[in-house]
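Residue numbers (this note's numbering), protein chains in the order written: chain A, 110 to 857; chain B, 42 to 177. Just so you know, even glycine gets a beta-carbon here, dropped at the ideal spot from N, CA and C. Small disclaimer: the values here were computed from a predicted structure and weren't measured.
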Amino acid sequence: MTSEPRSRRFEALEQRDINKETYVTEWAEAGLSVVDSPYDPAPSLRIDAGRVVELDGKSEADFDLIDRFIAAYGIDLSAADEAMATPARQIARMLIDINVPAADVRRLAHGCTPAKLVDVIRQMNVLEMMMGLAKMRVRRTPANQAHVTNWREHPALLAADAAEAALRGFAEVETTVRVARMAPLDALAVLIGVQSGRGGVLTQCAVEEQLGLRLAIKGLTSYAETLSVYGTERSFVDGDDTPYSKAFLNAAYASRGVKVRFTSGTGSEALMGHAEQKSMLYLEARCLLVTRGAGSQGVQNGSISCIALPEALPGGVRAVLAENLLAAMLGLEVASGNDALASHSQIRKTAKLMLQFIPGTDFIFSGYSAVPKQDNMFGGGNFDADDLDDYNVLQRDMQIDGGLRPIRETDALDIRRKGARAIQAVYRALDFPPITDAEIDAAVTAHNSDDLPARDLVLDLRAADAFLASDADLLTIVRALHAGDFDEVARNVLEMGRQRVAGDYLHPAAIFDGDFRVQSSINDANDYAGPGTGYRLDGTRWQAVQAIPQAKSPHDFIADRTGTPAQRLAEAGEARAGTDIEVVIGVAPAFGTALIKTIGGLDHEAVLEAILTGIAKEGLIGRVVKVYHTSDCAAVGHVAARLSGSGIGIGLQSRGTTVVTKRGLAPLNNLELFPQSPSLTLALYEQIGRNAARYAKGEAPSPVGVKVDNTARLRLIVKTALLHRRETEEVRADQPPVELRFDWEPTL
Amino acid sequence: MSDIPCYPLAENDADLKAASGRAYADITFEAAISGELTADDLRIDAETLRKQAQIARAAGNAQMAANLLRAAELTVVPNDELLKMYDLLRPQRASYDTLRALAERLETLYGAVETARFVREAADVYRDRGLLKREV
Chain A
110 MTSEPRSRRF EALEQRDINK ETYVTEWAEA GLSVVDSPYD PAPSLRIDAG RVVELDGKSE
170 ADFDLIDRFI AAYGIDLSAA DEAMATPARQ IARMLIDINV PAADVRRLAH GCTPAKLVDV
230 IRQMNVLEMM MGLAKMRVRR TPANQAHVTN WREHPALLAA DAAEAALRGF AEVETTVRVA
290 RMAPLDALAV LIGVQSGRGG VLTQCAVEEQ LGLRLAIKGL TSYAETLSVY GTERSFVDGD
350 DTPYSKAFLN AAYASRGVKV RFTSGTGSEA LMGHAEQKSM LYLEARCLLV TRGAGSQGVQ
410 NGSISCIALP EALPGGVRAV LAENLLAAML GLEVASGNDA LASHSQIRKT AKLMLQFIPG
470 TDFIFSGYSA VPKQDNMFGG GNFDADDLDD YNVLQRDMQI DGGLRPIRET DALDIRRKGA
530 RAIQAVYRAL DFPPITDAEI DAAVTAHNSD DLPARDLVLD LRAADAFLAS DADLLTIVRA
590 LHAGDFDEVA RNVLEMGRQR VAGDYLHPAA IFDGDFRVQS SINDANDYAG PGTGYRLDGT
650 RWQAVQAIPQ AKSPHDFIAD RTGTPAQRLA EAGEARAGTD IEVVIGVAPA FGTALIKTIG
710 GLDHEAVLEA ILTGIAKEGL IGRVVKVYHT SDCAAVGHVA ARLSGSGIGI GLQSRGTTVV
770 TKRGLAPLNN LELFPQSPSL TLALYEQIGR NAARYAKGEA PSPVGVKVDN TARLRLIVKT
830 ALLHRRETEE VRADQPPVEL RFDWEPTL
Chain B
42 MSDIPCYPLA ENDADLKAAS GRAYADITFE AAISGELTAD DLRIDAETLR KQAQIARAAG
102 NAQMAANLLR AAELTVVPND ELLKMYDLLR PQRASYDTLR ALAERLETLY GAVETARFVR
162 EAADVYRDRG LLKREV
């Protein structure tokens, strides 16, 4: 049996991260189709006496639980006739037409059935959808949400990480549990942490629905997000809810002044085995009309925890963007996914992110993991703490506000200590198992929960149970903080309570700024209407985003290449043309004077020694001249060649770039060119000198081999530009080349 | 039609008060640490939710307005009972009669007319779709 030969290239590609993913072809019958199942209904709507009697091809008698809810609440019947009569392509074009106000599109969207909404989206490619999202996003100012959890459920680490997340700019922080009973203490630690970091950051704790409501009533959370809805009846019921129970829960939260967003996402129904042969996007459109019908202010969608399923299918990432856009069209706040681990590939995960990052959404992530993957109790974030600098640079690159800002290490340490000490004080005042100073120190500097000592989980759980059962509430926490001398944090916590009384943040896409001023669809409505309108990253906010600590002043790049001019080099009058069999080394204007080292850090004198040694080893003499009228390497080399008795010259720039050339060659031609100066060592310079001498003797040496350093240009381009600029500053247009005497003798 | 309240209420509504009746401006840090404030001083008032509903309606969001009006009705339902009501509305938790009784209680005891109507509608839908508690 002969086996096929393997391609080494295919073998290499197989090892790439992208090939750790799972890919599957479509299978509509199993719900494995993102936007185009042949079983998706055609849009239809019949209204009889103000009552929906047919919805997407189904008559009233056949309505299931979802249909009935959508028919009763999900569609604005006053806009329905016009919306259903408007061709889908026309609505799609209105979405990206800057001359059509967002409100006009939204009014039509409110009159559409699920199938009609999907028909609109089917007309659009991802670029058009991104434009649509930029226009239809509810809040003008984009924002971001963090996930803060840790495996140990360590209160000091939770508080420290939450404080840092707040400082980094997250407007919301979501936590969850490893052990369900820890929920009250986890929620408490995150609340204290964020209010230590920045007043006004909203917090939630993702747990079972009834427990979630208890935490909110107790004042431990200020919003809820995990009110999951589904596009088929069976999925909904398997999720242990109905549109009616979810709507009731929504009202229950609002009755206590607590913000709620629903959760849905492509793929959940297929994953639960109840997709009813429909495409993921069609089912998502149904979810969104249930969400809107229930009077929710917004939704977390973008496949969320099911993301790997649409990403396994063709067009999956487009479909996820489509569902974000659908929600925004309907006027819902969108926390647009990017949360769950979606890809092994850094390229793929980042490319996918761009679909939400560039247009901006109300929350670009519905959970950016502000902790390392191992501590993410949501199952590992697609972006996590290790990617924070990458994210900051992306914002800076594109001048896009992704909701975060770079921070300095010292500020992070300070804020982490404040958060950790505040929760320590609350634990002390409430008689919970103490948090020691050693735990605080560990939490302040920790990267992950391995850096923390273990706590007695049994004791913490006992405290958690007692805390939940007690009538302790937000006021208890305020007083505990006051007792521990954390009045500023206490005032912030109290203000979160006051905001519940006002209820302003129940409106779509509400967040608070650092002064507790609410920003929502009501007072910060997206007014994008083309170039020059809408949210622009500028002013102090742009200054903050671009101020990454890694950025240096241009002057810092060349400071270490300057210093006392080379002592052994002296000018000795105008350079003359030689007649011997020699090599002339032409150096550029700043060489040994304004600059004294190459980009690779080699002393100019040492470089000259190496080249001259190489020339001497071939039995020839080298002569050095300084060229003043140009800083260009080739031009310097040609001057040297012209002055050389042998006709062989070397051009040497201050940054180290070198050329070997010959009299009579075209200006940009040469014998050997060494453009990658950072890779040049003294041994190589000696070889260059040696080769130049052999050319001078009429020999044909093998060119010097310099390894290609792929990243040299990437690392050094700023330095290269600035060194060359310094060299060019020394150019004297009218000054002829000068002979240089070099006080040095070769030792052979 | 009455004027639309000026958003945000926290900044613009001089009459804003907590469920306890305490004026918003009197919910202060000093009152909190002195022990003067009680839980009801940090609860939203039904009237406030009705104002927010007006704002939602004026913004073209009738569904959200309806939700806020249901919320206004639920402000008077005690915490424990609120949790129990939610649980009854989950699938297969309650019989038709139990849901009807819940609606009745909402309407007569708490004056929650809209929520009661909503629960009655749920009872009918659950009956039609087999989502009521199965008799054993």
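So, is the C-beta of N359 (chain A) closer than 8 Å to a C-beta in chain B? So yes, N359 (chain A) belongs to the interface.
As a quick exercise: from B:L83, B:G152, B:D54, B:S75, pick the residue whose alpha carbon is nearest that of A60 (chain B). When each option's Cα is compared against that of A60 (chain B), the closest is B:L83.
Under the three-state DSSP convention, the category L678 (chain A) falls into: Strand, per DSSP.
Residue(s) in a DSSP beta bridge with I85 (chain B): B:A59
Is the CB-CB distance between L311 (chain A) and E281 (chain A) below 8 Å? yes
is_contact[R175 (chain B), chain A] using C-beta, thresh 8 Å: no
Give a yes or no on whether 8 Å exceeds the smallest Cβ distance from P132 (chain B) to chain A. yes
Under a CB-based cut-off of 8 Å, is V166 (chain B) close to chain A? yes
Cβ separation of P132 (chain B) and L172 (chain B), assumed to be a contact under 8 Å, to the nearest whole Å: Sure, about 5 Å apart at Cβ, within 8 Å.
I'd like to know whether the C-beta of G404 (chain A) is nearer than 8 Å to at least one C-beta of chain B. So, interface residue.
For F159 (chain B), tell me which candidate among A:T351, A:P264, A:T335 has the shortest Cα-Cα distance. A:T351
V733 (chain A) beta carbon less than 8 Å from that of L857 (chain A): no
Would you check if the distance between the CB atom of Q785 (chain A) and the CB atom of V817 (chain A) is smaller than 8 Å? yes
What is the rounded straight-line gap between the Cα of A212 (chain A) and the Cα of N53 (chain B)? 26 Å
Check whether the region 154-172 of chain A touches the region 360-375 of chain A, counting contact only when three or more Cβ pairs, one atom from each stretch, lie closer than 8 Å. Counting Cβ pairs under 8 Å, fewer than three are found: no touch.
At least one CB of chain B closer than 8 Å to the CB of L615 (chain A): is that the case? yes
Taking the DSSP output, what are the residues bridged to C314 (chain A)? A:T284
Starting from L300 (chain A), find everything on chain B with Cβ-Cβ shorter than 9 Å and list it in chain order. Within chain B, no residue comes near L300 (chain A); the closest Cβ sits about 14 Å away, beyond 9 Å.
Could you work out which residue in A:V214, A:A181, A:I179 is closest to P196 (chain A) when comparing CA atoms only? Checking every option, the nearest Cα to that of P196 (chain A) belongs to A:V214.
Given 8 Å as the limit, is there contact between the region 255-272 of chain A and the region 557-571 of chain A, that is, 3 or more CB pairs closer than that? The answer is yes - the region 557-571 of chain A touches the region 255-272 of chain A, with three or more Cβ pairs under 8 Å.
Using the beta-carbon count (16 or more within 10 Å), is L780 (chain A) buried or exposed? buried
Tell whether a beta-carbon distance below 8 Å holds between E604 (chain A) and F625 (chain A). yes
Rounded to whole angstroms, what's the CA-CA distance from A201 (chain A) to L435 (chain A)? Just pull it up for me. 11 Å
Going along the chain, which unbroken runs of the alpha helix (DSSP H) with 4 or more residues stay wholly within the region 441-505 of chain A? If only complete runs of 4 or more residues are kept, the region 441-505 of chain A shows the alpha helix (DSSP H) at 455-466, in order along the chain.
Under the rule that 16 or more other beta-carbon atoms within 10 Å means buried, what is V768 (chain A), buried or exposed? buried
Three-state class that DSSP yields for R215 (chain A) in the structure shown: helix
Does E385 (chain A) get closer than 8 Å to chain B when you measure Cβ to Cβ? no
Three-state secondary structure assigned by DSSP to I516 (chain A): coil
To the nearest angstrom, report how far apart G748 (chain A) and D665 (chain A) are at their CA atoms. The displayed chain sequence assigns Val, not Gly, to residue 748 (chain A). Going by the C-alpha atoms only, they are around 32 Å apart.
CB contact below 8 Å: T375 (chain A) versus chain B: no
In this structure, what does DSSP give as the bridge partners for I730 (chain A)? A:E691
Output the distance between the C-alpha atoms of L615 (chain A) and T284 (chain A), rounded to the nearest integer angstrom. Spanning the two alpha carbons is a distance of roughly 20 Å.
Quick one: using the 10 Å Cβ neighbour count with 16 as the cut-off for buried, is F783 (chain A) buried or exposed? buried
Contacts of Y65 (chain B) in chain A (Cβ-Cβ under 9 Å): R607, V610, A611
Determine contact between the region 289-302 of chain A and the region 321-329 of chain A, defined as no fewer than three beta-carbon pairs at a distance below 8 Å. yes
Using a Cβ-Cβ cut-off of 6 Å (strictly less than) and excluding sequence neighbours within five positions of N410 (chain A), which residues of its own chain qualify? Contacts found: S373, G374, E432, A436.
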